[in-house]
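Peer 1: Below are the structure tokens for one structure; questions will follow.
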Amino acid sequence: MSNTIQHLTADTARLAADEGTSPRSHQSKVVEYYASATAGYQDWSRNINMHFGYYQWGMNPFDLEAMLENTNRQVFQRLELPGEENRLLDMGCGVGATARFCAQQPGIESVIGITLAPSQVEEALILNSPLPAHLQPTFEVADYHHTPYEAQSFDGVYAIESACHSLEKDKRSLLAEAHRLLKPSGRVVICDGFIKGEQALNAFTQHCYDKTCEHWSLGHFPQLEETLAAMEASGFRNIKVDDITLRIFPSASFVPVVALRYLCKLLWTGDKNPQHWHHLLAPVWGFLLGLNLKRFRYCLISGEK
Ligand SMILES: C[S@@+](CC[C@H](N)C(=O)[O-])C[C@H]1O[C@@H](n2cnc3c(N)ncnc32)[C@H](O)[C@@H]1O
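Note that my numbering has the sequence shown beginning at 103, numbered continuously upward.
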């Protein structure tokens, strides 16, 4: 881990210094959060998908797990993988729900998932065990700003609700690293909440934003226009933006119910673990932030090397 942190780019370090946050302490917070809070995601998703769900006409809007799995499918489809023997990298894999989904799709040779949290690697390996060996992704502790892999190692790279942990608003280091790692014509897909527009947020939205970031140990939600510019500057072409905010609504509407259930559990067991309370409060503030539809959008963006 400490090697990983040392490798943070000068840009990230500068940005963090500007904002008074050290990258080291920020990443330690992320690790600490997931070490305690990951188990709580079982209340959200049977397969521990740590993201929102993609609704499509014809789906049952009350089947949360199906919508969460459909996000995995949508990301996978946008990788537009060619032929057979594709190698994928999951930048910020959680406990590997998406990596396991991808590893079971046709045309996949291997999937590597990286996370900052060693506890998630342990958990992800346990969750792998029902799968036959050739369908198991591998998991490693690494920082997506600067990974240990050789250039042009992957046919597709994706980041689902993990880019928001980076301190950079334009995600330039993550994008530059994805570009380095991709083979020519490979695609990157980022699925996340984005802030649209460059003017300051109103006071209420800013408060919700700050609280969401604080409780989820986020750096910044990607700023849409700046991220697209950074994508282009990194060398990506054929950049596509899918605004899927409305498709996320049915799964987001589960937040109050799941949060209430989790609150009862915390109160009933007298749980005072601060990370568990962060895990409860983050989606509540995030839900309020998401109500500002003018400024907060949920998007799938992709680009080709
Ligand atoms: C909300 S979880 C999403 C997990 C997974 N993508 C999913 O959708 O189920 C965010 C993940 O990003 C990882 N993460 C945050 N910052 C990272 C970094 N700098 N490098 C690698 N992973 C990171 C966290 O460790 C965590 O696993």
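Just so it is clear, CB atoms sit at the ideal spot from N, CA and C, and this is done for glycine as well.
Nearest by alpha-carbon distance to isoleucine 350: which of Cys315, Met193, Cys293, Tyr143 is it?
Peer 2: It is Cys293 whose Cα lies nearest to the Cα of isoleucine 350.
Peer 1: Buried or exposed for threonine 249, going by 16 or more other Cβ atoms inside 10 Å?
Peer 2: So threonine 249 ends up on the buried side.
Peer 1: Could you say which of Trp379, Ala253, Gly215, Phe203 lies nearest to aspartate 245 if we only look at CA atoms?
Peer 2: Checking every option, the nearest Cα to that of aspartate 245 belongs to Gly215.
Peer 1: Helix, strand or coil for tryptophan 379 per DSSP?
Peer 2: In the structure shown, tryptophan 379 sits in a helix (DSSP, three-state: H, G or I).
Peer 1: Tell me whether phenylalanine 203 sits in a helix, a strand or coil according to DSSP, three-state version.
Peer 2: Residue state, collapsed to three classes: helix.
Peer 1: Nearest-angstrom Cα distance between alanine 302 and serine 212?
Peer 2: The alpha-carbon atoms of alanine 302 and serine 212 are separated by roughly 43 angstroms.
Peer 1: Which two residues bound the contiguous alpha helix (DSSP H) that contains methionine 161?
Peer 2: That residue, methionine 161, is in no alpha helix (DSSP H); it is neither H nor E in DSSP.
Peer 1: Going along the chain, which residues of its own chain have a beta-carbon closer than 6 angstroms to the beta-carbon of histidine 381, five neighbours each way excluded?
Peer 2: Ala139, Gly142, listed in sequence order.
Peer 1: Quick check on this structure: which residue in Pro125, Arg289, Lys298 has the alpha carbon closest to the alpha carbon of leucine 218?
Peer 2: For leucine 218, the nearest C-alpha among the options comes from Pro125.
Peer 1: What is the DSSP secondary structure of glycine 198, counted as helix, strand or coil?
Peer 2: Glycine 198: coil per DSSP, three-state reduction.
Peer 1: Kindly indicate which three-state DSSP category aspartate 145 falls into: helix, strand or coil?
Peer 2: If DSSP states are grouped into helix, strand and coil, aspartate 145 belongs with the helices.
Peer 1: Is the beta carbon of glutamate 300 closer than 9 angstroms to that of glycine 194?
Peer 2: No, they are not a contact pair.
Peer 1: Residues in the same chain with beta-carbon distance under 7 angstroms from lysine 131, minus the five sequence neighbours each way, listed in chain order, please.
Peer 2: Within the same chain, lysine 131 has close Cβ partners Ser319.
Peer 1: I think glycine 258 touches asparagine 188, with their Cβ atoms under 8 angstroms apart; what is that distance to the nearest whole Å?
Peer 2: That pair is a contact at about 6 angstroms.
Peer 1: Among the candidates Val357, Leu365, Ile403, whose CA atom is the shortest distance from the CA of proline 385?
Peer 2: The candidate whose alpha carbon is nearest that of proline 385 is Val357.
Peer 1: Can you tell me where the beta strand (DSSP E) holding cysteine 366 begins and where it ends?
Peer 2: Cysteine 366 -> not in any beta strand (DSSP E); alpha helix (DSSP H) instead, spanning 357-371.
Peer 1: Nearer than 8 angstroms: is that true of the beta carbon of glutamate 186 relative to any heavy atom of ligand 1?
Peer 2: For ligand 1, not one heavy atom lies less than 8 angstroms from the Cβ of glutamate 186.
Peer 1: If you measure from the CB of glycine 392, is any heavy atom of ligand 1 nearer than 8 angstroms?
Peer 2: No, ligand 1 has no heavy atom inside 8 angstroms of this Cβ.
Peer 1: State the CB to CB distance for the pair alanine 235 and arginine 274, rounded to an integer number of angstroms; the pair is presumed to be in contact (CB under 8 angstroms).
Peer 2: The pair is not a contact, with the Cβ atoms about 37 angstroms apart (cut-off 8 angstroms).
Peer 1: Is histidine 247 close to ligand 3? I mean its beta-carbon at under 8 angstroms from any heavy atom of the ligand.
Peer 2: Looking for ligand 3 in the displayed structure turns up nothing; the ligands present are ligand 1.
Peer 1: Just how far apart, CA to CA, sit leucine 369 and glutamate 171?
Peer 2: Leucine 369 and glutamate 171: Cα-Cα distance of roughly 31 angstroms.
Peer 1: Here's the rule: buried if 16 or more other CB atoms are within 10 angstroms of the residue's CB, otherwise exposed. What is valine 223?
Peer 2: Under this definition valine 223 is a buried residue.
Peer 1: Taking 8 angstroms as the cut-off, is the C-beta of histidine 317 nearer than that to any heavy atom in ligand 1?
Peer 2: The answer is no for histidine 317.
Peer 1: Compute every distance between the C-beta of glutamate 263 and the non-hydrogen atoms of ligand 1, then say whether any falls below 8 angstroms.
Peer 2: Answer for glutamate 263: yes, Cβ within range of ligand 1.
Peer 1: Starting from the C-beta of proline 220, find all residues in its chain whose C-beta is less than 6 angstroms away, skip the five residues before and the five after it, and write them out in chain order.
Peer 2: Val243.
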